[in-house]
Amino acid sequence: MEETALDPLLAKAAGAVDGEGAPPGGPSAQAAAMRVNEKYSTLPAEDRSVHIINICAIEDIGYLPSEGTLLNSLSVDPDAECKYGLYFRDGKRKVDYILVYHHKRASGSRTLARRVQHGDTAPGARSVKQDHPLPGKDRPLEAGSPEPPMDYHEDDKQFRRDEYEGNLLEAGLELERDEDTKIHGLGFVKIHAPWNVLCREAEFLKLKMPTKKMYHINETRGLLKKINSVLQKITDPIQPRVAEHRPQTMKRLSYPFSREKQHLFDLSDKDSFFDSKTRSTIVYEILKRTTCTKAKYSMGQGEGRKKDSALLSKRRKCEQYGITSLLANGVYSAAYPLHDGDYEGENVEFNDRKLLYEEWARYGVFYKYQPIDLIRKYFGEKIGLYFAWLGVYTQMLIPASVVGIIVFLYGCATVDENIPSMEMCDQRHNITMCPLCDKTCSYWKMSSACATARASHLFDNPATVFFSVFMALWAATFMEHWKRKQMRLNYLWDLTGFEEEEDHPRAEYEARVLEKSLRKESKNKEKRRHIPEESTNKWKQRVKTAMAGVKLTDKVKLTWRDRFPAYFTNLVSIIFMIAVTFAIVLGVIIYRISTAAALAMNSSPSVRSNIRVTVTATAVVINLVVIILLDEVYGCIARWLTKIEVPKTEKSFEERLIFKAFLLKFVNSYTPIFYVAFFKGRFVGRPGDYVYIFRSFRMEECAPGGCLMELCIQLSIIMLGKQLIQNNLFEIGIPKMKKLIRHLKLKRQSPPEYEEHVKRKQRYEVDYNLEPFAGLTPEYMEMIIQFGFVTLFVASFPLAPLFALLNNIIEIRLDAKKFITELRRPVAVRAKDIGIWYNILRGVGKLAVIINAFVISFTSDFIPRLVYLYMYSQNGTMHGFVNHTLSSFNVSDFQNGTAPNDPLDLGYEVQICRYKDYREPPWSEHKYDISKDFWAVLAARLAFVIVFQNLVMFMSDFVDWVIPDIPKDISQQIHKEKVLMVELFMREEQGKLQLLDTWMEKERKKDEPSNNHSPRAGPDSLGGGPAPDQTYHGGVL
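Start counting the sequence shown at 21; every next residue gets the next number (the working numbering).
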């Protein structure tokens, strides 16, 4: 059977070698070839030329090629007819997807394709590309000619491409190849999905498509209708001029596509029924599902090839190459759908890409709403949901920014009425503070920290507590608002019944499974080889062999034992990376301590008076640079750690990558801030008994006004720096730099090459030069980190929402411009939510409540002030609070070598210096021990944390409970759609029954004449024979 199947192939290969132009095999074979070529041809026969895959080395192939051919049609003005690559050469079939591959045109190698002119059937007609020897054939070489080099690797890739493209043709896709491009060394395969394939795949994928049935969307009535109309008029100037964005009163009923129920759908315009996004999605599903199961050559040569022959035969049985595997193995270099056309320039045909650029991707429309429906139509639901979420987040930042500005202005208005800062600035109090470092630092006046104390009040005032509670409720409201928006989009985008199916296994996973199955098979063979056969019980041996075969054929999966080394590597690597982050923070701490000591020795009074500001600012800048660098490193490490885990599906890979990247970047971004908020100044010790790092560096102290001001500086610089440098400068500057480098390279080329490049390229050539889409993980990640800055430490920086709002206004247009102008068009992916990011947002929101409770309680002076006001104040005011928070120290109790070198720096001898702590005075019986005031303040702080946390959590859960996840009007519309769908099918069934009844009635009426004549025929026949006309009146004989 196999020999007979290969006979036509052998004849065709022999004909190719002999140089015959017509298909071998006689007139019938020629007619069959003509029918195949007519099926995929695009031009009249006299202008047509087709690439036919010429299969050689048949002994290594073992398969029959499909009845398809790859087209390479020629026309007089092909670029104009195919709209510069958007269509096939016939100008009618739209290009739905592009496959790109590298090809070599070496003189010593053989080309796998040959050209056949349909009109040239003479036996002597030869192809122009057949003068080279073919691999796998022992064709004699000319005398003196060297043996041509053979690249087994490239030939194997070509073979896989041929087989894969043949399988695509068998799947119903239509292909056209273009190797004569302006990009040297690249070939393009254009893919078109015909109508029958689109219908078949839409039914498989259960795509909801609009039917002919339309219904009215329920509109609000009464007062709400008037309010909505007023709001529409007010917001009309900021609405994008896009048809999809206008409020609609009618909606088409949607139903999963079915070929049996095509009459339900509006198929008046089949070309636009499936839009470009849906067509590319369908083709991509076919590309993933279609496999290439054979490899022509093993990777080795000589002895290696002999040793790998058994492995190759197993690979042919086990390994499958989908498009993901082929891309990973370099068989194809790229695969992508095309953009709809150009977005700028003269005489550009209007398209969705151009409309999105004008109404969405330009910075001049920053004040407008996003055309979310058009974004979804062009890029798919997953990207549409990202920009919808980003828009909702940005809108919700507006009220948070307004409240934050009010809180900041309240602090500015009351700074002159703040008694503690006034006491610190009053030089009449003459409070002498203990040195900030050993030896080099001297005593200093508290009034010198006046500016820091006044600035601290801007952020450390009673309004910040209110703002922390507000932001916790804001986060809960934001999450609920997004859930409602998501449900509304699911209804409008016909995703209400959509359930994500399991993805195809990744190429790396399949390779590991193959490796495991081959190891398992080889081990079993070794066991069977060493075990002697039991001659006495051959039947038992046969049963064991059969059972072993059954086990080998079971589905092989990767278990936790297979992944244990990867899991262990992940755990050790993540712990190591976190330790590196902590070590860098410790290094910055040492830098701050040593720099402060060095600046204290400076002779300039201005330098010594600004030691804190200088050290803090420079240390934060160092932290910022380290954070930006480590973010890039940690992103690469997280991807590598996820790869070695070998997740089965792309969804699992993405979720694991997100978790690792978020964990590492969270620790990297927030560790310096956590240090300032909760650790700086907590483990200092006291004068005479300080805590030292490495026995040399004394731990830092907070300023008399507390560490909140320094926390504010740290948070603001890191947040603004990351947004400005990492998010905006990198995203704007790097693409511009790449474009500049490409332009300079082109200018250095020879004039003919430069002129060739300047000529208008095909659409697929232009899109190939764009950056490939790398997923939404980086976009989400930077926004989630920003969300953490806005919520986690908002008590110390009320202006964080304002800066996040300003950044996001730019970020939306920046991302839009990147997607429209700089990236290849992504494959549209259906999704009904934002996935794991929602859970991360909820976790950050819950963590923000706890962190803000501790910031207010332990970092700010809010609780000590309340304790002093209600327990220790003599007159019910804050007078004396600063003195109450300071302890006394006798300078004679300094340890040897730690006292100031210049004790008379202030102009007088100091006997007692003050430091910020709750300790007993030196004249007490238990001098320098912790006082009762410390325990009272600590108890109040802990009580505040418990009350604040539980109260805010309860309020957040209450907001979650009060606001329904699904808007009432949307739930009503979903119910209405179900009722209308049932009515539609009931009406259809009734129509079918009526049609059936009508048909049966007609049949019954036809039967009635026959039944009426039958009784008469009985007596007549008995009376002497049938009547002459009975034969003509009978209905059914």
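A virtual CB, placed ideally from N, CA and C, is assigned to each residue, including glycine.
Separation of residue j from residue i, as counted between CA atoms
i     : j     : result
K297  : V847  : 8 Å
C656  : V120  : 26 Å
V16   : A959  : This structure gives no information on residue 16, because the portion of the chain shown stretches from 21 to 1057.
P1058 : H524  : An answer regarding residue 1058 cannot be provided, because it is not within the stretch 21 to 1057 covered by the chain.
P1039 : E1023 : Residue confidence for P1039 is low, a pLDDT of 43 falling below 50, so the modelled location carries little weight; the figure read from the coordinates is stated next. The alpha-carbon atoms of P1039 and E1023 are separated by roughly 27 Å.
L826  : T636  : 26 Å
I9    : Y387  : Since the first residue of the chain shown is 21 and the last is 1057, residue 9 is not available in this structure.
G111  : R272  : 32 Å
G242  : N248  : 10 Å
N74   : Q178  : With a pLDDT of only 36 at N74, under 50, the local geometry of the prediction cannot be trusted, and no value is derived from it.
K866  : W981  : 16 Å
R581  : V687  : 30 Å
K1069 : L971  : Because the chain is modelled from 21 through 1057, residue 1069 falls outside the range shown and cannot be assessed.
S991  : N643  : 50 Å
D446  : S468  : 10 Å
A697  : V965  : 15 Å
S488  : F974  : 15 Å
CB of residue i within 7 Å of CB of residue j, strictly
i    : j    : result
P707 : Y935 : yes
S278 : E223 : yes
F208 : Y784 : yes
S816 : L886 : no
V422 : W502 : no
V627 : L619 : yes
V4   : Y695 : What is shown of the chain runs 21 to 1057, which leaves residue 4 out entirely.
N187 : T344 : no
T516 : I994 : yes
S537 : V576 : yes
A617 : T472 : no
A873 : F968 : yes
Y654 : K685 : yes
Residues that DSSP places opposite residue i in a beta bridge
i    : result
H236 : M270
S907 : Y935
D709 : R706
E791 : L843
F717 : I713
Y275 : M229
W464 : M453
Expected contact under 8 Å - CB spacing of residue i and residue j to nearest Å
i    : j    : result
M416 : C933 : That belief does not hold up - the Cβ atoms of M416 and C933 are roughly 50 Å apart, past 8 Å.
L822 : K233 : Contact doesn't hold; Cβ gap of about 48 Å is too wide.
L843 : E799 : L843 to E799, Cβ: 11 Å. No contact.
D372 : D360 : 5 Å
M444 : M466 : 6 Å
I306 : A191 : 5 Å
N- and C-terminal bounds of the beta strand (DSSP E) containing residue i
i    : result
G863 : Counting along the chain, G863 falls outside any beta strand (DSSP E), though it belongs to the alpha helix (DSSP H) covering I856 to F874.
R197 : E194 to D198
I118 : Y117 to H122
Y356 : A354 to Y356
Residue range of the alpha helix (DSSP H) that includes residue i
i    : result
L731 : L728 to G741
H212 : Looking at the DSSP string, H212 is not in any alpha helix (DSSP H); the run it does join, the beta strand (DSSP E), is L206 to H212.
Y800 : T797 to T811
Y788 : R783 to Y788
T344 : I343 to A348
P625 : P625 to S629
C445 : I439 to C445
G607 : W580 to A620
D977 : K952 to V982
C457 : Premise fails: C457 is in no alpha helix (DSSP H) and is neither H nor E.
P821 : A820 to K837
S296 : S296 to R309
N5   : With the chain covering 21 to 1057 only, the question about residue 5 has no answer from this structure.
T497 : P482 to L512
K397 : I392 to F399
Closer than 6 Å: residue i CB and nearest the ligand COA heavy atom
i    : result
S288 : The ligand content of the structure shown is nil, which means the ligand COA is not present either.
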